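**Student:** Numbering (the working numbering), first residue to last: 198 to 306.
1. Below 8 Å, how does it come out for the segment 214-221 and the segment 233-244: are there three or more Cβ pairs, yes or no?
2. Check the DSSP bridge columns for residue 204 and list the partner residues they point to.
3. Give the secondary structure of residue 278 by DSSP, where H, G and I count as helix, E and B as strand, and everything else as coil.
4. The alpha helix (DSSP H) spanning residue 245 covers which residue range?
5. Can you list, in chain order, the residues of its chain whose CB lies under 6 Å from that of residue 228, leaving out five sequence neighbours each side?
6. Taking all protein chains shown into account, decide if residue 295 is buried (16 or more other Cβ within 10 angstroms of its Cβ) or exposed.
7. Is residue 222 helix, strand or coil by DSSP?
8. Do residue 214 and residue 300 count as a contact pair if the criterion is CB distance below 8 Å?
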């Protein structure tokens, strides 16, 4: 049974998350283009990462400010990784919320 983590974000936090996911998704797409000249295994792995980021980007786009979200640990960590290079107040606040959600444990659904 999947485990879900509960979290909500305000408008500034969602803005930072969306920007981060856009940047990360574009990066993964560029890496896929570069991987095309390499091994089949490398291409498949990079395509999987690019697809995962595209899915997260699309998922984040439907979040609303203040909405409580139930999300898997894997997806929450992927969102957090999109904020690694962002020092804006919205990103810092979102990282704190993500870390607190991960620390509090999952709910079984």
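Even for Gly, the Cβ is constructed at its ideal location relative to N, Cα and C. Since this is a predicted model, take the numbers as computed values, not measurements.
**Tutor:** So, to answer that:
1. no
2. Here residue 204 corresponds to residue number 7 of the chain shown, with the count starting at 1. Per DSSP, 266.
3. If you number the chain shown from 1, residue 278 lands on position 81. It is helical.
4. By one-based count along the chain shown, residue 245 stands at place 48. Element bounds for residue 245: 237-257.
5. One-based indexing of the chain shown puts residue 228 at position 31. So the list reads 243, once near-sequence residues are dropped.
6. Locating residue 295 in the chain shown gives position 98, where the first residue counts as 1. Residue 295 comes out buried.
7. Taking the chain shown and counting its residues from 1, one reaches residue 222 at position 25. Reduced to three states, the DSSP call for residue 222 is helix.
8. Position 103 of the chain shown holds residue 300. Position 17 of the chain shown holds residue 214. Not a contact, by the Cβ cut-off of 8 Å.
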